[in-house]
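Report on the structure given below.
Here it is in C-alpha cells:
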C-alpha cells in the first residue's frame, strides 16, 4: 500500500495482482473495503493492549501507539478516507465496525477488566465509557484537525480520565490545597 | 434544508434562490461548504453553554443538546456528510474548524474557566483535555456507529470525566469501601 487512496484504482490493483477486476470485486465491494482490510492487516501486529500490570502505563503506551500509526502519512490518510467513505456507505460502516473497532475494543476491554480486578479502575465504571473518553479524544483531534495528538497529549488524557478533572476530595491527613477548589 | 445531502444539487439551490449557479459558487466553493453554513446557522441558537453555576449540570445539558441535534435525521446526516467531505477537502476542513469547532470550543472553554475559578475543575487541568474527553466521546460514537449516545451516556461521560475512572483516595473519616480498590 504505497499509493495514496485517491490515486489508487481497482483496475491498477487487479493488474498488479495479475487478476481480473471482477476477481477483486468478488472479495471487496469497493476500494474503501479493500483499503480497510489492508489497513487492519498492517496495523494489527501493534494493536494489542499490553499488560504490564500498570493500567495507566499500558493505556499510555497503547494510545501513543495508535496515534503513532495514524501519524504515518499513508496509514493516516487511508484511515481518514475509509472513515469518510463509511459515512455514506452502510456496508463499509459495518465492515469498519466489525473488522476494526469491535475486535480492538474487545481487546481493550479485556485489559480494562484486568485493571478493574486489580483495583486500578472503579468497580462501578462502565468500560465502554473509559474507551469512549480516551479513544474518542484522539479520533476527535484527528478527524476535526484540532491539533495532531502527541505523546504528551495522550499521557495527559489518560491521567485526566483516571484521576478526574474535578478536584479530588482531601486525603486523610493531607495538607489543604491553596486553591479555589477548597474555598 | 429539507432535502438530503446527496440528493441536493447546487443547480437546485440556485433555482430555488432565484439566482444563477455562479452566484451560489461565488459564496460557497462547494455544496458541503454551503451545507456547513446552513448547519451552523440552524444549530447556533442552542449551542451556547449554559451557566447555572453547576458545571457538571451545565456540561450534561450541553452534551445532551449536541447529541439531540445530531440525532435529528437531516441535521445528523448532513453533519456526517460535511465531516466526510472535509477529510479530502482542506478548504472545507478549515471552514469546519473556523466556523463550527473554533467558536464552540471557545464558548465551552469560557464556561470551563468559570467552573475552574469556582473550584469545580482542577486548577492544573488543561481545558482542551476536558473538551477532548467529552466531545471526543460523543463524536467517536456517532462517526464510528458505536451506539448512538443518549442522555444516560452523556451524563455518565460527564460524571466519569469529572470524578475519574480510577478509585478515589479515601476521604478523611469515610468508611472503607468493600471493593478490590482498597485491597
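Residue numbers (this note's numbering), protein chains in the order written: chain A, 1 to 183; chain B, 1001 to 1183. Every residue gets a Cβ at the ideal spot worked out from N, C-alpha and C, and that includes glycine. These figures come from a predicted structure and were not determined experimentally.
Residue interval of the alpha helix (DSSP H) (run including residue i)
{"i": "residue 1046(B)", "result": "1031 to 1047"}
{"i": "residue 1169(B)", "result": "Premise fails: residue 1169(B) is in no alpha helix (DSSP H) and is neither H nor E."}
{"i": "residue 1115(B)", "result": "1102 to 1117"}
{"i": "residue 62(A)", "result": "55 to 71"}
{"i": "residue 154(A)", "result": "151 to 163"}
Option nearest residue i by Cα separation, candidates the options
{"i": "residue 30(A)", "options": "47(A), 45(A), 5(A), 53(A)", "result": "5(A)"}
{"i": "residue 144(A)", "options": "1076(B), 1054(B), 1090(B)", "result": "1090(B)"}
{"i": "residue 1075(B)", "options": "1167(B), 1040(B), 1108(B), 1135(B)", "result": "1040(B)"}
{"i": "residue 53(A)", "options": "130(A), 110(A), 166(A)", "result": "110(A)"}
{"i": "residue 999(B)", "options": "1163(B), 1146(B), 1139(B)", "result": "No statement about residue 999(B) is possible, as the shown extent of chain B runs from 1001 to 1183 and does not include it."}
{"i": "residue 161(A)", "options": "151(A), 7(A), 137(A), 150(A)", "result": "137(A)"}
{"i": "residue 1057(B)", "options": "1033(B), 1120(B), 1100(B), 1088(B)", "result": "1120(B)"}
{"i": "residue 1071(B)", "options": "1151(B), 1117(B), 1009(B)", "result": "1151(B)"}
Per-residue contacts from residue i into chain B (C-beta, under 7 Å)
{"i": "residue 196(A)", "result": "The displayed coordinates of chain A run from 1 to 183. Any statement about residue 196(A) would go beyond what the structure contains."}
CB contact check: residue i to chain B, cutoff 9 Å
{"i": "residue 57(A)", "result": "no"}
{"i": "residue 46(A)", "result": "no"}
{"i": "residue 75(A)", "result": "no"}
{"i": "residue 94(A)", "result": "yes"}
Residue i classed as buried or exposed, judged by whether at least 16 other C-beta atoms fall within 10 angstroms
{"i": "residue 81(A)", "result": "buried"}
{"i": "residue 1178(B)", "result": "Any reading at residue 1178(B) is ruled out, since the residue's pLDDT is 48, under 50, leaving its predicted position unreliable."}
{"i": "residue 22(A)", "result": "exposed"}
{"i": "residue 1044(B)", "result": "exposed"}
{"i": "residue 18(A)", "result": "exposed"}
Listed by chain order, chain B residues near residue i by CB distance under 8 Å
{"i": "residue 245(A)", "result": "The requested residue 245(A) is not part of the displayed model; chain A covers only 1 to 183."}
{"i": "residue 62(A)", "result": "None at all; the shortest Cβ gap to chain B is about 15 Å."}
{"i": "residue 87(A)", "result": "1080, 1081, 1083, 1084, 1143"}
{"i": "residue 157(A)", "result": "1129, 1132, 1133"}
Chain A contact for residue i (CB, 9 Å cutoff)
{"i": "residue 1163(B)", "result": "yes"}
{"i": "residue 1110(B)", "result": "no"}
{"i": "residue 1081(B)", "result": "yes"}
{"i": "residue 1012(B)", "result": "no"}
{"i": "residue 1114(B)", "result": "no"}
Closer than 9 Å at the beta carbon, the chain B residues around residue i
{"i": "residue 53(A)", "result": "By Cβ distance, chain B contributes nothing, its closest Cβ being about 14 Å from residue 53(A), past 9 Å."}
{"i": "residue 36(A)", "result": "Simply none; closest approach about 12 Å."}
{"i": "residue 122(A)", "result": "1160, 1163, 1164, 1165, 1166, 1167, 1168, 1179, 1181"}
{"i": "residue 68(A)", "result": "Those do not exist, as residue 68(A) stays about 18 Å from chain B at its closest Cβ, beyond 9 Å."}
Chain A residues whose Cβ lies nearer than 7 Å to that of residue i
{"i": "residue 1135(B)", "result": "140"}
Listed by chain order, chain A residues near residue i by CB distance under 9 Å
{"i": "residue 1006(B)", "result": "88"}
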